[in-house]
C-alpha cells in the first residue's frame, strides 16, 4: 500500500530564515497529526503537502504523488485562516451553493441549495452530527460546526487527501474530540487525512478507529506567516 506521506530531506526556507525541516519520515497510517508550537512551520508543511507551497529542497510524496500540480489536484484543504475562511455574513446554503457552482462545469445550472441539498452535500463531513439548515447564518455556528462545514466544503472537491489546519482551534475539548473522531471515519473511508495541532493529545484520538501517527515539526525560531510565504514561495 502506498504511504500517505514520504518525506526525504524536505525543507522550506525564506528570506527570514528556516520555516521547517529538513524532515525525513514515512507515514503509513491513514491519519497523520502534524504537531508543533506556534511558528513551528506546521501550517506551511501542510500547505506543501497540499501543493499550495513549494519547498526549498528535498522531496515530498503524498499518496505517491509529487510536485505542486499533482499534490494540488489530489488534495482539499480546510481550516486555513485567510485561505478557506468562511464569510460570516452569509448562510450555510449560500456557502454550499457557491462551492458547488465553483466545481461545476461552466455550462451547468446549479440552483441554490435548500435543506435537502445541503444535507446531501455535507453528510460526508458531518456524518451523524447535526447539519445546520440552509438558512442558518455562518456567524451563528459553533466552532466545531463551522470547522465541519469547512471540511464539508473541502470534501465537495472529491479529494484523495483531506488536509485540515488547526484542529485545536476548536477549544471545547469534547467538541474537538468529536470532530477528530469524525475525521477518523473519513480516513476509514479511504481518504487520507492530515491535520495540525499544537500537541498530540492521545485522549482526543481515543474514538478514532484507524491508526494515527504524530509528525513533530520542530523550529527554533518563529517562522514567517503562511500568508506571506504564499506570495514569496509559490
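Residue numbers (full-length UniProt numbering): 1 to 234.
Idealized CB from N, CA, C, for every residue including glycine.
What you are looking at is a predicted structure, and each value in this text was computed from that prediction instead of being measured.
Please list the terminal residues of the continuous alpha helix (DSSP H) segment that includes residue i.
i           : result
residue 121 : 115 to 126
residue 69  : 68 to 74
residue 42  : 42 to 49
residue 183 : 173 to 188
residue 140 : Segment: none, residue 140 is in no alpha helix (DSSP H) and carries neither H nor E.
residue 100 : 92 to 103
For residue i, which residues of its own chain have a beta-carbon under 7 Å away from its beta-carbon, when the five flanking residues on both sides are left out?
i           : result
residue 50  : 71, 72, 75, 77 and 163
residue 145 : 132
residue 243 : Shown here, the chain extends from 1 to 234; a query on residue 243 therefore has no answer.
residue 157 : 76 and 103
residue 9   : 22, 24, 57 and 58
residue 234 : Because the pLDDT of residue 234 is 36, which lies under 50, any placement of that residue in the model is unreliable, and the number read from its coordinates should be weighed accordingly. Closer than 7 Å at the Cβ level, and outside the excluded window around residue 234, lie 52, 53 and 54.
residue 27  : 3, 4, 5, 213 and 215
residue 37  : 198
Ignore the nearest five residues each way along the sequence and tell me which others in residue i's own chain have a CB closer than 6 Å to its CB.
i           : result
residue 15  : none
residue 215 : 32 and 34
residue 110 : 100, 101 and 104
residue 115 : 133 and 134
residue 125 : 148, 151, 152 and 155
residue 182 : 127
residue 187 : 30, 31, 193 and 210
residue 230 : Legend: pLDDT at residue 230 = 41, less than 50; position of this residue unreliable, value from coordinates given subsequently. Closer than 6 Å at the Cβ level, and outside the excluded window around residue 230, lies no residue.
residue 80  : 165
From which residue to which residue does the beta strand (DSSP E) around residue i run?
i           : result
residue 162 : 161 to 164
residue 152 : It is not in any beta strand (DSSP E) - residue 152 instead sits in the alpha helix (DSSP H) that spans 143 to 155.
residue 196 : 192 to 197
residue 60  : 57 to 62
Using 8 Å for Cβ pairs, my map puts residue i next to residue j. What's the rounded Cβ distance?
i           : j           : result
residue 138 : residue 206 : Contact flag wrong, Cβ pair sits at about 30 Å.
residue 217 : residue 41  : 5 Å
residue 56  : residue 11  : 6 Å
residue 143 : residue 175 : 7 Å
residue 82  : residue 113 : No, residue 82 and residue 113 are not in contact; Cβ-Cβ is about 25 Å, not under 8 Å.
residue 60  : residue 7   : 5 Å
Using the DSSP secondary-structure output, state which residues sit across from residue i in a beta bridge.
i           : result
residue 215 : 34
residue 25  : 7
residue 238 : Residue 238 falls outside the range modelled here, since the chain spans only 1 to 234, and no answer is possible.
residue 77  : 163
residue 65  : 62
Could you pull out every residue in the same chain whose Cβ sits closer than 8 Å to the Cβ of residue i, ignoring the five residues on either side in sequence?
i           : result
residue 221 : The predicted position of residue 221 is uncertain, since its pLDDT is 41 and thus under 50; a value taken from the coordinates is nonetheless stated next. 17, 18 and 39.
residue 185 : 127 and 209
residue 29  : 4, 210, 211, 212 and 213
residue 87  : 95 and 138
residue 89  : 137, 138 and 139
residue 239 : Because the chain here runs from 1 to 234, residue 239 falls outside it and cannot be looked at.
Say yes only if the C-beta of residue i is nearer than 7 Å to one or more non-hydrogen atoms of the ligand ATP, and no if none qualify.
i          : result
residue 60 : For the structure depicted, the ligand ATP is absent and the ligand set is empty, with no information on it obtainable.
Measuring only between beta-carbons, confirm whether residue i sits less than 8 Å from chain B.
i           : result
residue 109 : In the structure shown, chain B cannot be found, because there is only a single protein chain.
Would you say the stretch 134 to 144 touches the stretch 16 to 30, given that touching needs at least three Cβ pairs under 8 Å?
-> Short answer: they don't touch.
Validate contact between the stretch 165 to 172 and the stretch 187 to 207 using beta carbons, cut 8 Å, 3 pairs | yes
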